[in-house]
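Heads up: the structure comes next, in structure tokens.
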Amino acid sequence: MGLGSGARAPHDPAVRGELRVGSEGRGVGRGQERDCSSPGEGRDRSGPRPQACTAPGRGSAGAFPAWPGRGREAAAAAASRSPATAPAAPGTMSGSGPEEPQPSQASEEERQQEAEEDWAAAKAFYDNLVTQRPRPPKPQNAITVAVSSRALFNLVEEQRIYEEQGVEKYVEYQQKNENIILKPGPAFYFVKALEHVNTRLLELYPDDEERFDIVLMTNVHAQVGVRLINSINHYGLTIERFCMTGGQSPIGYLTAYLTNLYLSADSDKVQEAIEAGIASATMFTANKDVVYSDTQLRVAFDGDAVLFSDESEQIFKEQGLDRFFEHEQLNENKPLAQGPLKGFLEDLGKLQKKFYAKNERLNCPIRTYLVTARSAASSGARVLKTLRSWGLEIDEALFLAGAPKGPILVKIRPHIFFDDQMFHIEGAQKLGAIAAHVPYGISQKYQKSS
Numbered sequence: 141m142g143l144g145s146g147a148r149a150p151h152d153p154a155v156r157g158e159l160r161v162g163s164e165g166r167g168v169g170r171g172q173e174r175d176c177s178s179p180g181e182g183r184d185r186s187g188p189r190p191q192a193c194t195a196p197g198r199g200s201a202g203a204f205p206a207w208p209g210r211g212r213e214a215a216a217a218a219a220s221r222s223p224a225t226a227p228a229a230p231g232t233m234s235g236s237g238p239e240e241p242q243p244s245q246a247s248e249e250e251r252q253q254e255a256e257e258d259w260a261a262a263k264a265f266y267d268n269l270v271t272q273r274p275r276p277p278k279p280q281n282a283i284t285v286a287v288s289s290r291a292l293f294n295l296v297e298e299q300r301i302y303e304e305q306g307v308e309k310y311v312e313y314q315q316k317n318e319n320i321i322l323k324p325g326p327a328f329y330f331v332k333a334l335e336h337v338n339t340r341l342l343e344l345y346p347d348d349e350e351r352f353d354i355v356l357m358t359n360v361h362a363q364v365g366v367r368l369i370n371s372i373n374h375y376g377l378t379i380e381r382f383c384m385t386g387g388q389s390p391i392g393y394l395t396a397y398l399t400n401l402y403l404s405a406d407s408d409k410v411q412e413a414i415e416a417g418i419a420s421a422t423m424f425t426a427n428k429d430v431v432y433s434d435t436q437l438r439v440a441f442d443g444d445a446v447l448f449s450d451e452s453e454q455i456f457k458e459q460g461l462d463r464f465f466e467h468e469q470l471n472e473n474k475p476l477a478q479g480p481l482k483g484f485l486e487d488l489g490k491l492q493k494k495f496y497a498k499n500e501r502l503n504c505p506i507r508t509y510l511v512t513a514r515s516a517a518s519s520g521a522r523v524l525k526t527l528r529s530w531g532l533e534i535d536e537a538l539f540l541a542g543a544p545k546g547p548i549l550v551k552i553r554p555h556i557f558f559d560d561q562m563f564h565i566e567g568a569q570k571l572g573a574i575a576a577h578v579p580y581g582i583s584q585k586y587q588k589s590s
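Residues in the sequence shown are numbered consecutively from 141, following this note's numbering.
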């Protein structure tokens, strides 16, 4: 890439000094299943984002805590509470010996001003680079969806080599086959649909950065990244941000990337992310080949413990159906608390309104579905009034009164279906729907004990 004579390149000393950005990641949590991902997958906004929270242990019989608010605001507040540590002045040393003279406050202010000017120059340089490829939006403006390599691509054979022969043979195999394109994984068509929405948004709002940003979040070895890059480019995906942690858990980086939604094929990492307050789900491949819409993103949500908290689910599980109906009717006008995926529905709704503002409601490339086992007459009003109180719309609401969800999902053909109960996930899989398990709420207690 050529640089104009008037622009300062990043290696210019005036620019270079302030380009360093520190990041800190931390991994938490425990595992429910053995990691089935590559070594890169092993143990490895507009609306608010999740703050860190502490969920009960996997063996806990207690109810899950209320889902925390999501938000850049929380991250910004935390940053403002952490004073920056100024670097030591040149020539100073810790320990014994005469102290060097400290710079005056005036010289320190001058240094800070120069640093700010250098950073502004570097930022302007990068912002003004011309490229024909769509530039990823700035993280603070984007709806960031982080996907693992095994969710995006089919890496079953590669994982078998890793488990049976070890890391070195795995890396050797990946390098030897780096020009062989990987097949799509369970999140592939969802990502393609997100990028179609981005294309439509750029047509209507070329200067707006409120759109999806896909981040590949994996703990694979960096050299495996060549094959991932080749496959991404082969399919024409726009994934510019990678996080490859070389065997370490990438979960701590989710907050640093301002993640709105995390999808992985590894239930351990998803559990860690849920416990950190980040909307997350474990992806499962459908058992049948299904043709998905390439012009409309379709996202289906369960209600309790997914969009909403599990407060009503607790009553149903512990006190029975009649008591559940009574409770919902008594509390019809009391909104349910939010669940893990409420924020993502909110993100989708804000993008939908951008299309509505351009008179594109009937041609909107996003469609949302509520697919719930609740009965409409007995317990549906509270759900709809809760959505209304949040200022959120759902395009289609399907109350099944306990009937199987699979046949409905076959009709919808969503790019992703979120549910907290594995028997609904398995039923969707059998009929060809791509399902994602959200390990949150009291149902996890019953699934573990069964």
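Ideal placement from N, C-alpha and C gives every residue a C-beta, glycine not left out.
Here G489 is actually not in contact with E536; their C-beta atoms are around 14 Å apart, not less than 8 Å. Nearest neighbour of G520 by Cα position, chosen from T378, D444, E566, N338, turns out to be D444. Here the alpha carbons of G479 and S449 stand approximately 4 Å from one another. Between A421 and R290, the C-beta gap is not smaller than 9 Å, which leaves the two residues out of contact. Counting only runs of 4+ residues, the alpha helix (DSSP H) found wholly inside the region 367-451 occupies 393-396, 407-415, in chain order. Between L476 and V446, the C-beta spacing is not below 9 Å. Rounded to the nearest whole angstrom, the C-alpha separation of Q280 and D462 is 46 Å.
Here the alpha carbon of T508 sits roughly 13 Å from the alpha carbon of L527. Taken in chain order, the whole alpha helix (DSSP H) runs of length 4 or more contained in the region 453-506 are 461-470, 482-497. Judged by DSSP secondary structure, V360 falls outside any alpha helix (DSSP H); it is assigned neither H nor E. With contacts defined as CB atoms closer than 9 Å, F293 and K323 qualify as a contacting pair. Apart from the 5 residues on each side of it in sequence, L368 sits with its Cβ closer than 7 Å to the Cβ of S289, L356 in its chain, given in chain order. Membership of F328 in any beta strand (DSSP E) is not indicated; the residue belongs instead to the alpha helix (DSSP H) covering 328-344. For H564, the enclosing alpha helix (DSSP H) begins and ends at 562-570. Between R438 and R514, the gap from beta carbon to beta carbon reaches 9 Å or more. Residue environment analysis places N499 among the exposed positions, since fewer than 16 neighbouring C-beta atoms fall within 10 angstroms of its C-beta. By the Cβ rule, the region 312-322 counts as touching the region 358-378, because three or more pairs are nearer than 8 Å. Burial of S407 is indicated by the presence of at least 16 other C-beta atoms within 10 angstroms of its C-beta. Boundaries around L527 are those of the alpha helix (DSSP H), 516-530, since no beta strand (DSSP E) includes it.
Contact between T385 and N359 holds: CB atoms are separated by about 4 Å, below the 8 Å threshold. In the DSSP assignment, L549 falls within the unbroken alpha helix (DSSP H) covering 546-552. The three-state secondary structure of D353, taken from DSSP, is strand. By the neighbour-count criterion, in which 16 or more other beta carbons inside 10 Å mark a residue as buried, V311 falls on the buried side. In the DSSP assignment, the residues bridged to Y509 are A440, E536. Boundaries of the alpha helix (DSSP H) harbouring I301: 296-305, taken from the DSSP string. Between E451 and S583, the alpha-carbon positions lie close to 11 Å from each other. Pairing I548 with Y329 gives a Cβ-Cβ distance that is not under 9 Å. The C-alpha of G483 lies about 35 Å from the C-alpha of A261.
In the DSSP assignment, A286 falls outside any alpha helix (DSSP H) and within the unbroken beta strand (DSSP E) covering 283-287.
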